[in-house]
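Following the UniProt record's numbering from start to finish, the sequence shown increments by one per residue and tops out at 684. Just so you know, even glycine gets a beta-carbon here, dropped at the ideal spot from N, CA and C.
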Amino acid sequence: MAQRKFLIEVEPAKEAKDGRPSIGPVYRSVFAKDGFPAPIVGMDSCWDIFRMSVEKYPGNPMLGRREVVNGKPGKYVWLTYKEVYDLVIKVGNSIRSCGVEEPKLSPARATLGLQRQSLIMNSLLKALGGRCGIFGANCPEWIMSMEACNAHGLHCVPLYDTLGAGAVEFIICHAEVTIAFVEEKKIPEVLKTFPNTTQYLRTIVSFGKVTPEQKEEVQKFGLAIYSWDEFLLLGDNNQHDLPVKKKSDICTIMYTSGTTGDPKGVMISNNSIVTLIAGVKCLLESVNEALHVEDVYLSYLPLAHIFDRVIEECFINHGASIGFWRGDVKLLIEDIGELKPSVFCAVPRVLDRIYTGLQQKLSSGGFLKKSMFGFAYSYKLHNMKKGNKHEDASPLCDKIVFSKVKEGLGGNVRIILSGAAPLATHVEAFLRVVACCHVLQGYGLTESCAGTFVSLPNELDMLGTVGPPVPNVDVCLESVPEMQYDACSSTPRGEICIRGETLFSGYYKREDLTKEVLVDGWFHTGDVGEWQPDGSMKIIDRKKNIFKLSQGEYVAVENLENIYGLVPDIDSIWVYGNSFESFLVAVVNPNKYALERWAEEKGVTGDFNSLCENPKAKEYIIGELSRVGKEKKLKGFEFIKAVHLDPEPFDMDRDLLTPTFKKKRPQLQKYYQLVIDNMYKSLK
């Protein structure tokens with residue numbers, strides 16, 4: 001029955017009919033050949049994940065932060081699972097003493113019939129209990145607040161640490177948040193949302209202290225505000241029983257940072273998270289990389305995103321330890337060195353910085369050092385390509401040459417997992433060799449509870465892919481005729497569709513959007529993938545990011561950006577075109593080190609900013625883009641004819657990226673409109 005190395009086929013392909021596109025075969029992971037892994041007995045909710053670990057590992061260190069002595073950071077100081085539990089019970093009693101109640105009914109699964117789902121969803125919106133907002137950087141109090149919500153069946157509504165007052169106001173009002181836990185330095189941002197949010201918000205709890213001025217401001221609107229220590233005392237004489245929680249209950253409403261429009265509230269059930277944990281456990285055990293109580297995780301990716309939330313749930317499930325960073329990216333490497341994590345999760349931007357830093361150190365290290373490193377790299381990569389595991393490919397090179405890279409990540413990392421955006425293939429390949437650990441790339445969405453695909457250890461052929469599906473979902477491709485992607489061809493390409501218990505329960509108050517993406521139990525991701533012969537998935541395009549040039553040619557812009565992203569001398573590229581023009585232009589963030597190296601070789605003077613303005617530098621970058629375009633056999637109209645080099649990377653401060661580093665195309669166009677116009681004028 002298996003047709004690809006790491007997949008089994010569970011349903012045959014379906015031809016196009018009734019105006020619907022054709023659908024390729026339905027596949028699932030080979031690790032689920034005997035059926036999807038069942039959730040752990042007795043684990044019906046996110047509260048059970050924590051509760052069962054407290055019972056099993058009460059004395060294990062759970063949450064840690066660096067102790068500050070005389071203004072200087074010291075070692076990590078830990079709270080045990082039992083100590084955290086006791087504090088969580090206090091937080092929960094205090095929440096309930098403020099009048100926040102648990103929900104009165106369970107939501108409908110999105111796979112129900114639409115008419116029935118509509119009736120239940122409307123009832124759900126009227127009967128929801130309290131929603132607790134959490135706003136701030138990762139810290140132990142964040143987890144405690146989340147677990148208190150889990151304990152009392154309340155809906156945890158994370159607010160993006162990186163979002164401004166506008167989005168915070170929208171989410172508080174849209175989710176009707178009644179109590180908000182807020183990082184001390186973020187309280188002014190919440191106060192900026194007054195008076196619009198005060199129709200819902202009744203209580204604010206600071207993770208730290210509260211100033212007299214803040215108390216006075218909040219009391220003007222009839223709200224209460226507490227410091228963390230004050231809040232813990234509220235429930236001392238007001239004990240509340242924990243309600244019974246069901247798998248179908250919503251545990252969090254997680255707002256996605258959409259590239260256009262308002263954020264969407266993704267309702268995620270207990271069942272989605274416990275099912276995902278069962279699948280991750282099955283997968284890691286199948287590849288001999290199971291998590292264990294000695295594992296240590298660095299919490300720095302935003303807990304407001306599903307990626308970090310579910311990773312931390314997995315660690316809690318195993319009684320492992322979670323240490324928190326200090327909230328400053330410049331101090332991240334120092335925190336890593338002190339914590340010495342065994343699993344390191346990252347977004348590509350972090351790994352790109354590590355790669356660039358290592359390349360710069362190599363370049364400045366002299367001929368002998370570069371030669372030794374180059375030989376060791378080629379030798380180990382050659383052995384890995386022959387099928388050797390990374391630890392067996394060249395132990396001597398690891399000890400003599402690559403050990404310093406491993407020490408730079410604390411010395412204990414055994415898995416690096418990249419998610420949220422595509423990781424450049426050359427960066428992934430480099431780190432797989434030099435980091436002396438598994439470097440895996442994953443794919444998932446908030447709507448699929450994060451984990452949907454992940455590459456496997458010691459499978460070098462999976463470079464540039466997101467691996468096969470996790471063993472608790474079914475996956476198929478649906479043809480996209482307008483983009484000439486055929487899910488039933490010899491090289492199957494199409495929109496990635498997912499089915500399984502990890503899927504979300506619908507968009508909060510947006511039944512219309514729910515119906516658009518959930519069809520007959522299949523979640524349509526909008527991403528276009530290509531099955532590889534080994535069963536891994538390669539993301540090649542985005543279904544909606546397609547436009548037409550003036551001659552009528554369709555351009556799949558994300559596919560082009562993925563191809564042009566292979567140019568090692570650029571960090572990022574945004575490709576633009578429209579139906580009034582016959583060719584494409586682009587805004588490029590060049591790699592500073594690479595551009596300065598080119599300038600030195602060519603005798604071009606000036607700092608990085610002036611180099612980006614230099615016509616010769618622009619010609620060089622266009623040449624590199626064209627070289628890759630020719631290698632990948634792009635069509636003539638897909639070549640970039642003009643570039644603008646921006647020394648400042650695309651960022652969230654200018655609203656050009658979402659918090660998960662996806663490009664906001666309408667905002668990019670608005671920001672660079674004058675630049676775009678000038679590029680077109682210069683070529684006419």
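Need the endpoints of the beta strand (DSSP E) that N589 sits in, please. Here residue 589 corresponds to residue number 589 of the sequence shown, with the count starting at 1. It spans L584 to P590 - the beta strand (DSSP E) in which N589 sits, taken as one unbroken run.
Enumerate, from N- to C-terminal direction, the unbroken alpha helix (DSSP H) stretches of 4 or more residues contained entirely within the segment 272-340. Taking only runs of at least 4 residues, the alpha helix (DSSP H) segments lying wholly in the segment 272-340 are 306-317 and 332-339.
Give the DSSP bridge partners of S206, in chain order. What you label residue 206 is simply residue 206 of the sequence shown in a count that begins at 1. Secondary-structure assignment with DSSP links S206 through a beta bridge to V182.
For the beta strand (DSSP E) containing F375, name the first residue and the last one. Here residue 375 is taken as the residue at index 375 of the sequence shown, counted from 1. Careful: F375 lies outside any beta strand (DSSP E), inside the alpha helix (DSSP H) at F367 to K385.
The alpha helix (DSSP H) spanning Q673 covers which residue range? Against the sequence shown, residue 673 aligns to sequence position 673. Taken as a continuous stretch (DSSP letters only), the alpha helix (DSSP H) holding Q673 covers Q673 to S682.
Mark Q199 as exposed unless 16 or more other C-beta atoms lie within 10 angstroms of its C-beta, in which case mark it buried. Locating residue 199 in the sequence shown gives position 199, where the first residue counts as 1. By the neighbour-count rule (16 or more Cβ atoms within 10 Å), Q199 is not buried but exposed.
Under 7 Å between the Cβ atoms of F637 and S626? Sequence index remark: in the sequence shown, residue 637 carries index 637 (1-based). Sequence index remark: in the sequence shown, residue 626 carries index 626 (1-based). The answer is no: Cβ separation not under 7 Å.
Mapping DSSP to helix, strand and coil, what is F650? Locating residue 650 in the sequence shown gives position 650, counting from the first residue. In this structure, F650 counts as coil in the three-state DSSP scheme.
Residue range of the beta strand (DSSP E) that includes E530: Along the sequence shown, read from residue 1 onward, the residue named residue 530 stands at position 530. E530 -> beta strand (DSSP E) spans W522 to W531.
V567 vs H644 beta-carbon contact at 7 Å: Taking the first residue of the sequence shown as position 1, residue 567 is located at position 567. Taking the first residue of the sequence shown as position 1, residue 644 is located at position 644. No, they are not a contact pair.
According to DSSP, is R542 part of a helix, a strand, or is it coil? If you number the sequence shown from 1, residue 542 lands on position 542. Assigned with DSSP and collapsed to three states, R542 falls in strand.
Environment of G113 [buried if 16+ CB atoms lie within 10 Å]: To locate residue 113, count along the sequence shown from 1; it is residue 113. Below a pLDDT of 50, predicted positions are generally treated as unreliable, and G113, at 42, falls in that range; no measurement from the model is reported.
Proximity to R309 [Cα-Cα], best of M144, P649 and K670: The residue you call residue 309 lines up with position 309 of the sequence shown. It is M144 whose Cα lies nearest to the Cα of R309.
Quick one: grab the DSSP three-state call for T658. The residue you call residue 658 lines up with position 658 of the sequence shown. The three-state secondary structure of T658, taken from DSSP, is coil.
Going by DSSP, what residues sit across from Y443 in a beta bridge? Residue numbering aside, residue 443 sits at position 443 when the sequence shown is read from its first letter. For Y443, which the question treats as bridged, DSSP gives the partners F453.
Backbone secondary structure at T80 - three-state DSSP: Residue mapping note: residue 80 aligns to position 80 of the sequence shown, counting from 1. Three-state DSSP puts T80 in a strand.
Hey, quick one: how far does the beta strand (DSSP E) through L159 stretch, first residue to last? Within the sequence shown, residue 159 is the residue found at index 159, counting from 1. L159 -> beta strand (DSSP E) spans H155 to L159.
Please say whether F170 and P471 have beta carbons closer to each other than 7 Å? What you label residue 471 is simply residue 471 of the sequence shown in a count that begins at 1. What you label residue 170 is simply residue 170 of the sequence shown in a count that begins at 1. Not closer than 7 Å, so no.
Within this structure, are the beta carbons of Y81 and N60 separated by less than 7 Å? Position 81 of the sequence shown, counting from 1, holds the residue named residue 81. Position 60 of the sequence shown, counting from 1, holds the residue named residue 60. Their beta carbons are under 7 Å apart, which means Y81 touches N60 by this criterion.
Report the three-state DSSP secondary structure of Y223 (helix, strand or coil). In the sequence shown, the residue the question calls residue 223 occupies position 223. A small fix is needed here, since residue 223 is Leu in this sequence, not Tyr. Three-state DSSP puts L223 in coil, outside helix and strand.
Determine the DSSP secondary structure at D571, reduced to helix, strand or coil. Position 571 of the sequence shown, counting from 1, holds the residue named residue 571. DSSP places D571 in the strand class (E or B) of the three-state scheme.
Using CA coordinates, which residue listed in M537, A421, S97 and E289 is at the minimum distance from S29? As a first step, residue 29 is located in the sequence shown; it is residue number 29 there, counting from the start. Taking the Cα of S29 as reference, the smallest distance to any Cα among M537, A421, S97 and E289 is reached at M537.
Alpha-carbon spacing of Y443 relative to L276, whole angstroms: Stepping through the sequence shown from its first residue, residue 443 is reached at position 443. Stepping through the sequence shown from its first residue, residue 276 is reached at position 276. Those two C-alpha atoms are separated by around 13 Å.
Can you grab the Cα-Cα spacing for the pair G419 / A346, in whole Å? Position 419 of the sequence shown, counting from 1, holds the residue named residue 419. Position 346 of the sequence shown, counting from 1, holds the residue named residue 346. Between G419 and A346, the C-alpha separation is close to 7 Å.
With 16 as the cutoff for other CB atoms within 10 Å, does S53 come out buried or exposed? Here the question's residue 53 lines up with position 53 in the sequence shown. It is buried - the Cβ of S53 has at least 16 other Cβ atoms within 10 Å.
Can you tell which of G577, E624 and P140 has the C-alpha that lies nearest to the C-alpha of A556? Locating residue 556 in the sequence shown gives position 556, where the first residue counts as 1. Ranked by Cα distance from A556, the options G577, E624 and P140 are led by G577.
G265 in three-state terms, based on DSSP: Within the sequence shown, numbered from 1, the residue matching residue 265 stands at position 265. For G265, the secondary structure class from DSSP, reduced to helix, strand or coil, is strand.
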